Amino acid sequence: MAWKSRVNAALEGFTGYNITRVRPQVVPVAPPPETPRPPVDPRSDRLLREPVFVLSPVRSGSTLFRVLLNSHSRVHAPHEMHVRRLAVSMTTDPVRQAMEALGHSTSDIEHILWDRMLHRELLRSGKDVIVDKTPSNVFAYKRILTCWPDARFVYLMRHPASIARSWHEADPEARPMGEAVRHTYQYMRYLQDARGRHDGLDLRYEDLVEDPEGQLRRVCAFVGVEFEPGMLKYGEHDHGAFVKGIGDWRDKIRSGEVQRGRPLPAPHEVPEGLRETARAWGYI
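Pasting the structure below:
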């Protein structure tokens with residue numbers, strides 16, 4: 437094969453080019469999507485017991501609900517955790533081989549990570565019950581129940597038209613009302629699906645701000661703790677910074693006091709795309 441090298445060298449000397457055999461490209465085939473599964477051994481695979489998740493659309497008062505709960509001596513409700521976005525990547529064949537030998541899939545390890553993160557927050561708080569209120573959890577409620585089969589849900593609802601209006605008003609130019617209806621409806625649709633499939637506690641934002649003590653007593657009974665009057669004075673407790681992206685950050689929540697919601701829209705003011713949900717939730 438030396439003559440090929442000599443010819444290639446001569447060709448490159450005269451033209452600046454050489455001849456290289458084109459090798460066929462091997463296109464990697466993605467493995468089929470993995471089906472998440474419950475813990476094989478809940479006693480060793482999960483640290484949390486009966487974690488509570490607030491399922492709600494955006495702009496439904498979930499941050500207010502969080503800080504009221506977090507003011508309880510036994511309930512830890514941190515800022516939005518977004519644990520479903522924590523992903524695991526196994527970057528080499530040996531680590532994949534090692535995990536397979538242990539019986540772990542990628543989603544198994546992700547679930548262990550999610551559980552550990554929330555459990556760490558609970559331990560650091562010194563409390564007994566953890567509540568996560570990330571609104572986008574509505575899109576992952578099935579995965580949450582797969583990770584924690586004993587998870588408990590609080591379904592936080594608000595008048596659908598008020599939700600869309602609030603989301604629109606946060607940035608009217610970037611969020612025209614038509615887009616606000618489409619965007620917020622997706623949260624409502626998944627929330628309604630979860631309500632139809634799994635038991636939980638229904639809670640309406642309007643009832644919470646109108647009768648915070650009465651509604652919090654219901655919630656405490658569901659969670660398994662006694663109501664504490666200090667929950668109503670959330671401004672006297674430390675809830676971390678109010679930061680955009682992990683909860684509400686506006687002046688209303690910073691006031692430290694429960695404030696009444698906006699007047700409910702009349703039935704004819706409810707956009708057509710939200711009427712079905714408004715009926716299902718008992719608003720019209």
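Residue numbering for the sequence shown follows this note's numbering, beginning at 437 and increasing consecutively. All C-beta atoms in this analysis are idealised placements derived from N, C-alpha and C, irrespective of residue type, glycine included. Keep in mind it's a predicted model, so treat the numbers as computed, not measured.
Residue range of the unbroken alpha helix (DSSP H) whose run includes residue i
i, result
"Val490", "No alpha helix (DSSP H) holds Val490; the beta strand (DSSP E) holding it covers 488 to 491."
"Phe589", "No alpha helix (DSSP H) contains Phe589, which is instead part of the beta strand (DSSP E) from 588 to 593."
"Pro389", "What is shown of the chain runs 437 to 720, which leaves residue 389 out entirely."
"Asp481", "478 to 481"
"Pro530", "529 to 538"
"Lys578", "577 to 583"
"Arg715", "708 to 716"
Three-way DSSP call (helix, strand, coil) for residue i in this model
i, result
"Val679", "coil"
"Arg653", "helix"
"His512", "strand"
"Ser598", "helix"
"Glu557", "helix"
"Val503", "helix"
"Phe663", "coil"
"Tyr621", "helix"
"Ala630", "helix"
"Asp643", "helix"
"Glu615", "helix"
"Ser543", "helix"
"Val524", "coil"
"His518", "coil"
"Leu484", "coil"
Residue i, enclosing beta strand (DSSP E) - first and last residue
i, result
"Asp564", "Run containing Asp564: none; DSSP gives neither H nor E here."
"Leu637", "637 to 640"
Spatially closest choice to residue i from the options, by CA coordinates
i, options, result
"Lys669", "Glu642, His540, Ser507, Pro493", "Ser507"
"Glu662", "Ser492, Ile548, Tyr719, Ser509", "Ser509"
"Val511", "Arg601, Ile599, Phe658", "Phe658"
"Tyr621", "Glu486, Gly718, Arg711", "Arg711"
"Leu581", "Thr528, Ser525, Ser498, Arg633", "Arg633"
"Arg736", "Lys563, Pro493, Glu486", "No statement about residue 736 is possible, as the shown extent of the chain runs from 437 to 720 and does not include it."
"Glu470", "Val524, Asp477, Met613", "Val524"
"Ile682", "Met517, Tyr719, Lys563, Met667", "Met517"
"Val590", "Gly718, Glu609, Pro612, Ser492", "Ser492"
Same chain, Cβ closer than 6 Å to residue i, neighbours up to 5 away in sequence not counted
i, result
"His675", "Val503, Asn506"
"Gln651", "Asp643, Leu644"
"Gly692", "Gly671"
"Gly626", "Here the sequence assigns Tyr to residue 626, which means Gly is not the residue at that position. Same-chain partners within the cutoff: Val574, Phe575."
Own chain residues within Cβ distance below 7 Å of residue i, not counting five before or after
i, result
"Arg520", "Asn573, Ala576, Arg579"
"Ser602", "Arg495"
"Ala513", "Arg502, Leu505, Asn506, Val567, Lys569"
"Phe678", "Asp684, Trp685, Ile689, Arg690"
"Arg560", "none"
"Asp481", "Pro475, Ile548"
"Lys656", "Note on identity: in this sequence residue 656 is Cys, with Lys being the wrong assignment. If we look at Cys656 and ignore the five residues flanking it on each side, its Cβ neighbours are Glu662, Phe663."
Nearest-angstrom Cβ-Cβ length linking residue i and residue j, presumed shorter than 8 Å
i, j, result
"Asp638", "Met593", "7 Å"
"Glu642", "His704", "Not confirmed; about 19 Å, so no contact."
"Val706", "Ala630", "Their Cβ separation, rounded to whole angstroms, is 22 Å, which puts Val706 and Ala630 out of contact at 8 Å."
"Ile545", "Met535", "7 Å"
"Val488", "Ser498", "Val488 to Ser498, Cβ: 13 Å. No contact."
Proximal residues to residue i (C-beta, below 8 Å), its chain only, five neighbours per side dropped
i, result
"Leu484", "Asp551, Leu554, His555, Leu558, Ile566, Trp584"
"Arg654", "Leu637, Leu639"
"Arg532", "Met526"
"Gly709", "Val617, Arg618, Tyr621"
"Arg473", "Ser541, Ser543, Asp544, Thr582"
"Ile720", "Pro703, Val706, Arg711, Ala714"
Interface flag, residue i vs chain B, CB-CB below 7 Å
i, result
"Ala677", "This model lacks chain B altogether, as it is built from one protein chain only."
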